[in-house]
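Enquirer:
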Amino acid sequence: MRFSLRVKLTLASLLLLVIPFIGFRFSEIITRDLVESRKETLLFSARAVASALAGRTGLLDQELFHSLNQSRDLYLFHLTNPIRLNGKSDDWLPQLKEAEEFAGEHLLTPESSYSYNSLHFKHMLGVQGEYLYAIFLVTDDHLVYRSEQSLDIDSADHLQIAFESQNGTMRRYLVSTSEPGWVNGFLMPENPEERLPVIREPRIQGMWSETTDGYIIELRIPRDLIGERFAFAIADVDETTTRQTTAMIGTANPDHPEKLGWLLSPSKTIEHILQSIGRPQSRILIVDSNQRVRASFGSLTPEKQPEQKETKSLLSSVSGAIYGALDPLYRIFTTPFTEEFKTPVAMPTTLDISGVKEGLQGKSTITRYRIAAGQVEVMAAIAPLKEDEKVIGAVVVEQTTNSILALQNRVIEEALSLTILAFCFGALSLLFFASRLSSRIRQLRDQAAGAISKTGQIQVSRIRTKARDEIGDLSRTLSSMLSQLREQSIYRETMADNLEHEMRTPLAGISASLKNLRGEIDNPPERIRNYLDWALSDVMRLEKLLSAIRDATNLQEALDRDSHEDFNLAEALQVWLQHSWRQAFPEVDFYYDRPEGDIILHGDPGRIRQLLDKLIENGVSFKKEGTPIVIGLKQLDRDIVLTVINEGPPIPEELRGQIFNSMVSRRTRHDSRPHLGLGLYVARTIMLHHQGSISVDNLTDGREGVVFTLRFPAAAV
1 MRFSLRVKLT LASLLLLVIP FIGFRFSEII TRDLVESRKE TLLFSARAVA
51 SALAGRTGLL DQELFHSLNQ SRDLYLFHLT NPIRLNGKSD DWLPQLKEAE
101 EFAGEHLLTP ESSYSYNSLH FKHMLGVQGE YLYAIFLVTD DHLVYRSEQS
151 LDIDSADHLQ IAFESQNGTM RRYLVSTSEP GWVNGFLMPE NPEERLPVIR
201 EPRIQGMWSE TTDGYIIELR IPRDLIGERF AFAIADVDET TTRQTTAMIG
251 TANPDHPEKL GWLLSPSKTI EHILQSIGRP QSRILIVDSN QRVRASFGSL
301 TPEKQPEQKE TKSLLSSVSG AIYGALDPLY RIFTTPFTEE FKTPVAMPTT
351 LDISGVKEGL QGKSTITRYR IAAGQVEVMA AIAPLKEDEK VIGAVVVEQT
401 TNSILALQNR VIEEALSLTI LAFCFGALSL LFFASRLSSR IRQLRDQAAG
451 AISKTGQIQV SRIRTKARDE IGDLSRTLSS MLSQLREQSI YRETMADNLE
501 HEMRTPLAGI SASLKNLRGE IDNPPERIRN YLDWALSDVM RLEKLLSAIR
551 DATNLQEALD RDSHEDFNLA EALQVWLQHS WRQAFPEVDF YYDRPEGDII
601 LHGDPGRIRQ LLDKLIENGV SFKKEGTPIV IGLKQLDRDI VLTVINEGPP
651 IPEELRGQIF NSMVSRRTRH DSRPHLGLGL YVARTIMLHH QGSISVDNLT
701 DGREGVVFTL RFPAAAV
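Each residue of the sequence shown is one higher than the last, beginning at 1 in UniProt numbering.
1. Whole angstroms is fine: what's the gap from D566's alpha carbon to S511's?
2. Is H564 helix, strand or coil by DSSP?
3. Quick one: residues in its chain with C-beta nearer than 6 Å to the C-beta of T246, no 5 flanking neighbours on either side, listed in chain order?
4. What does a CB cutoff of less than 7 Å around A233 pick up in its chain, not counting 5 residues either side in sequence?
5. Candidates E179, E164, P180: which alpha carbon is nearest Y173's?
6. Going by alpha carbons, who is nearest to A451 out of S439, I441, L485?
7. Compare the Cα-Cα distances from T401 to each of R25, L351, K39 and report the closest residue.
8. What is the DSSP secondary structure of T367, counted as helix, strand or coil?
9. If contact is defined by three or more beta carbon pairs under 8 Å, each pair taking one atom from either stretch, is the region 199-210 in contact with the region 278-294?
10. Roughly how many whole angstroms lie between the Cα atoms of E105 and Y131?
11. Which residue comes first and which comes last in the beta strand (DSSP E) that contains G126?
12. Restricting to runs no shorter than 3 residues, where is the beta strand (DSSP E) found entirely within the region 372-423?
13. Is the distance from the Cβ of A156 to the Cβ of R171 below 8 Å?
14. By the three-class DSSP mapping on this structure, what secondary structure does A54 have?
15. Taking the alpha-carbon positions, what's the T212 to V293 distance?
16. Could you check where the alpha helix (DSSP H) with D613 kicks off and where it finishes?
17. Out of curiosity, what's the CA-to-CA distance linking N69 and T169?
18. Taking one C-beta from the region 584-599 and one from the region 612-630 each time, how about it: are there three or more such pairs within less than 8 Å?
19. Taking just the CA atoms, how far does N81 sit from T335?
20. Would you mind sorting G702 into buried or exposed? The rule is 16 or more other CB atoms within 10 Å of its CB.
21. Which class does A508 belong to by DSSP, given the choice of helix, strand or coil?
22. Assuming L260 contacts F297 (C-beta within less than 8 Å), just tell me the rounded distance between them.
23. What are the boundary residues of the alpha helix (DSSP H) that L360 is part of?
24. Quick test of the definition: if touching needs 3 or more C-beta pairs under 8 Å, does the region 388-407 touch the region 352-360?
25. Go through its chain and collect everything with a Cβ distance to Q635's Cβ below 8 Å, but skip five positions before and after it.
26. Enumerate, from N- to C-terminal direction, the unbroken beta strand (DSSP E) stretches of 3 or more residues contained entirely within the region 125-199.
27. Rounded to the nearest angstrom, what separates P713 and I651 at their Cα positions?
28. With H, G and I counted as helix, E and B as strand and the rest as coil, what does DSSP make of P328?
29. Given this structure, state the Cα-to-Cα distance separating V707 from G606, to the nearest angstrom.
30. Could you pull the start and end residues of the alpha helix (DSSP H) that Q291 belongs to?
31. Between which residues of its own chain and I226 is the CB-CB distance below 8 Å, once the five residues before and five after are set aside?
32. Identify, in the order they occur along the chain, each residue of the same chain with its Cβ nearer than 8 Å to the Cβ of L93, setting aside the five sequence neighbours on each side.
33. Using CA coordinates, which residue listed in D152, S695, E193, E258 is at the minimum distance from T242?
34. Does F712 come out as helix, strand or coil in the three-state DSSP assignment?
35. Would you tell me roughly how many angstroms separate the C-alpha atoms of S429 and I420, rounded to the nearest one?
36. Here's the rule I'm using: 16 or more other beta-carbon atoms within 10 Å means buried, otherwise exposed. How should N530 be labelled?
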């Protein structure tokens, strides 16, 4: 039974592809099972936390999880940067992006007198140390400051604050100023009808600064002044005559203590409970009905283990080097992730991920989202937080999928490593076969390349082989082709010789008869004389054709008998141009770009001139009327380059590879000289005899024409 080489190599190679396929499939199965297990574990943990919190009687009521109002309740942020009271917002970054905008939906006065461009602002509350900080970024189209002589501090743009003190007393404060700069709060009477302040409160400090579209107020209030309820409002005064408040926007009207909202901060009690039931490398978040994070514990980033010094063995060093070298390959097939990232949630921001709203509706869900610029995937289990069958919040347990991806990547890396090892061992087993195959192919290539010489002569007509496969069949086919080509070549060569010999004798007889005929007839008519002249002219033309065939046939033997010498090619071109080509073609303009120095060529001057005669005749035949023949000569490194340029019709692309062959011509114009397509064949033969090369290209400088380039290598110089 005979197997082809293709079948043998294919069968041997396909076996190695099974290893990575099995590894990838095994990795997919492990990943799927681990993801399902992680989902069940996280969801169980979220429900357990929800049960633990609901089981603490009064805890959720104490932490104000009931009856929350999104528009009135205020959340305190843990400020990460030190706050300076300078009337600028840069200290509040990056948490300032969590600031809430207040506009028409928080309007506390009749809507008929309000427009958005007249007044709106952004606001944020935060805690740092023993102080509560507040910032108001107010957009106001018309600023009105308090008159220094006026005791009515509400007769200008101002801020109203109301809060419950530690002992349960309600207090109202106004912040107003006559010019930008340092401000304090003014304690207002308990009766809202009374407009004169009671006293300046130096502990409520702040900075008022103007902006291009309004103003900024920064405040600092000691924590011990404030209880659990808080409200604020920005009042806008646009008229400097009546100084009446045209619009007021805030969380609640400070004049109505019963409408004050809750001041909510992260619950330390709940965080202690979470700490006792926390999971490693996971984070637990408690979200209220407003989707605000009220407590959190844990981290998504793994704890850094102390580095341990390990003694590296030779095996571990080699293994580490191999893994380092294969790391670029691993990166193609593995899923990248990072273990160093920052937790994006800053207390008490709104947790706006998929599934939280479903959790607040009483449904347990699993969701995924990405952080760290998409390099880390987080899996979150969300369970409703209930008390007395009422959903008052949600428990979110989060954990990254890094450990799953690490295991998946490890399996893929091991599969790739085994595949590479298998390929290495397979390569060793196939090495002899591949080497033998390559050797036979190279041998066949060398024999085929050496069968034909540079001049196109067939030197070998048989390629020996005994193999009974495709390469053997190819060798025998090439042998048959070479044998047929050699027979045809011999036939063409002998045919030219025989043709020249057989035609010259009768042609000589015809020429003699015509001449005798013209001598025998006395005073022949002019018509008869013309016939005789035309016949003798055609006979002479046939004699020239036969001479050209004889010269081309015997050219190689004549070249072998030639002797070479060193001569100045630059000077020789000048002489040939002056005394030969310009004399032969007086109607043609020639331009010779002669180099400055001498260029010495080792060769036969007569043959070089014969070569150039053929190129000049070819250029004159095809040049466009009124354009010159340009001859160029220069020396590049150790090569001599000679060019002959004529403007005219370009060479068709299909003829560029054949134009130097024998009996190839593309002439469309007729003249009195014979043309068998032997001129360029002779030129190439002479050039190859001088160990040089000749090529032809179309002009690329915008003109139509061709350039013949002759290059003599350094060995010929």
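Backbone N, C-alpha and C fix where the C-beta goes; we use that ideal spot for every residue, glycine too. Keep in mind the model is a prediction, meaning the values are calculated, not measured.
Expert: Short version:
1. 44 Å
2. coil
3. S113, D236, D238
4. L108, Q160, M248, I249, G250, N253, P254
5. E164
6. L485
7. Nearest neighbour of T401 by Cα position, chosen from R25, L351, K39, turns out to be K39.
8. Strand, per DSSP.
9. no
10. Cα to Cα, the separation comes out at about 30 Å.
11. 119-128
12. The qualifying runs are 376-387, 390-400.
13. no
14. helix
15. Taking the straight line from one Cα to the other gives about 35 Å.
16. For D613, the enclosing alpha helix (DSSP H) stretches over residues 605-622.
17. Those two C-alpha atoms are separated by around 22 Å.
18. yes
19. Spanning the two alpha carbons is a distance of roughly 36 Å.
20. exposed
21. helix
22. At roughly 30 Å, the Cβ-Cβ gap does not stay under 8 Å, so L260 and F297 are not in contact.
23. Where L360 is concerned, the enclosing alpha helix (DSSP H) starts and stops at 356-360.
24. yes
25. P595, I599, V641
26. Here the runs fully enclosed are 131-140, 158-164, 170-175, 181-188.
27. Between P713 and I651, the C-alpha separation is close to 26 Å.
28. helix
29. Spanning the two alpha carbons is a distance of roughly 23 Å.
30. Segment: none, Q291 is in no alpha helix (DSSP H) and carries neither H nor E.
31. Only residues of its own chain outside the window of five on either side were considered, and among them L132, F163, E164, S165, Q166, L263 have a CB closer than 8 Å to the CB of I226, listed in chain order.
32. N81
33. It is D152.
34. Residue state, collapsed to three classes: strand.
35. 14 Å
36. exposed
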